[in-house]
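Quick note: to get the numbering used here, add 460 to the position in the sequence shown (first position is 1). Read through the structure below, which is laid out as structure tokens, and then see the notes.
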Amino acid sequence: MNDASDRLTAGRIVALLIFYGFATMIGGAIFAVLMRANTLLGPGVLFYRGLVALAVTAILLFILSALVLPRLARALPLRADDSLGGAIVAASMLSSVFVLGPVTVDRSISVFMLSQFESAGKPLTVDDVREKFVKTYVVEWDQMNRRLKEQQVSGNLEPAGGDAWKLTAQGRRFMEIARWMSWLVDADPRFVGRKG
461 MNDASDRLTA GRIVALLIFY GFATMIGGAI FAVLMRANTL LGPGVLFYRG LVALAVTAIL
521 LFILSALVLP RLARALPLRA DDSLGGAIVA ASMLSSVFVL GPVTVDRSIS VFMLSQFESA
581 GKPLTVDDVR EKFVKTYVVE WDQMNRRLKE QQVSGNLEPA GGDAWKLTAQ GRRFMEIARW
641 MSWLVDADPR FVGRKG
């Protein structure tokens with residue numbers, strides 16, 4: 461442990477924070493490009509496209525870090541194995557941002573509601589918002605059909621003949637887990653079919 465890069469000194473901590481910060485910024489750029497490219501490949505479930513993009517981002521970051529770190533190690537107290545740490549920290553930060561950002565916005569009825577207030581240019585009543593939700597979100601944008609297809613791709617629903625759908629065994633397991641998670645954090649039980 462004579463090498464300065466092996467000791468956890470203030471300089472090494474600062475170097476790691478700077479390196480992890482740059483890895484996260486570069487990872488964010490890679491992730492954004494991959495998400496855009498994924499969109500060009502066709503429609504799909506945003507969440508799953510994001511998971512694939514995050515995995516590819518982590519791999520690319522590890523490779524880039526492994527190539528760049530030997531040069532940086534000459535000037536900063538960094539080691540080659542810090543490339544794995546940089547990829548893990550960046551991928552973790554990006555996955556948190558992805559789940560809290562785009563996935564929430566894509567799924568959020570609250571965001572839709574706020575957009576209606578923004579575009580209305582006047583105060584809206586509860587009835588106004590309800591009407592806009594049904595007319596725009598449910599009917600014009602066909603969000604129920606989109607969600608059904610996403611759940612089919614996810615394996616939670618399957619066609620049951622005609623226009624009907626049914627829950628798969630995987631879907632039942634998902635609902636059991638969702639009910640448990642809802643109970644654990646005391647969330648609104650109605651969303652998971654749990655009695656209040």
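Backbone N, C-alpha and C fix where the C-beta goes; we use that ideal spot for every residue, glycine too.
Start and end residues, beta strand (DSSP E) containing residue i
{"i": "Pro619", "result": "Leu617 to Pro619"}
DSSP beta-bridge partners of residue i
{"i": "Trp625", "result": "Pro619"}
Local conformation of residue i per DSSP, three classes
{"i": "Ser614", "result": "helix"}
{"i": "Arg639", "result": "helix"}
{"i": "Pro583", "result": "coil"}
{"i": "Leu468", "result": "coil"}
{"i": "Leu538", "result": "coil"}
{"i": "Gly481", "result": "helix"}
{"i": "Arg607", "result": "helix"}
7 Å Cβ shell around residue i - same chain, five flanking residues per side excluded
{"i": "Ala638", "result": "Val652"}
{"i": "Ser465", "result": "Only weak support exists for where Ser465 lies, its pLDDT of 49 falling under 50; the value from the coordinates is given anyway. Excluding positions up to five away in sequence, the list reads Arg472, Ala533, Pro537, Leu538 and Arg539."}
{"i": "Met604", "result": "Val598"}
Identity of the residue in the options nearest residue i by Cα
{"i": "Ala483", "options": "Phe558, Leu560, Ile548 and Leu536", "result": "Ile548"}
{"i": "Gly545", "options": "Leu560, Val505, Gly622 and Leu529", "result": "Leu529"}
{"i": "Asp430", "options": "Leu554, Ala526 and Arg531", "result": "This structure leaves residue 430 out entirely; the chain is present only between 461 and 656."}
{"i": "Arg606", "options": "Leu506, Arg496 and Val557", "result": "Leu506"}
{"i": "Val474", "options": "Ala535, Gln612 and Lys655", "result": "Ala535"}
{"i": "Val493", "options": "Tyr480, Arg509, Ala620 and Gly481", "result": "Arg509"}
{"i": "Met553", "options": "Phe634, Tyr480 and Leu574", "result": "Tyr480"}
{"i": "Val512", "options": "Ile523, Ala497 and Leu524", "result": "Ala497"}
Residue range of the alpha helix (DSSP H) that includes residue i
{"i": "Ala551", "result": "Asp542 to Phe558"}
{"i": "Thr517", "result": "Leu506 to Leu532"}
Cβ shell of residue i (< 6 Å), same chain only, five flanking positions each side left out
{"i": "Thr517", "result": "Gly487, Ile490 and Phe491"}
{"i": "Glu636", "result": "none"}
Residue i: CB within 8 Å of a non-hydrogen atom of the ligand ATP
{"i": "Ala535", "result": "No copy of the ligand ATP occurs in the structure displayed, which carries no ligand at all."}
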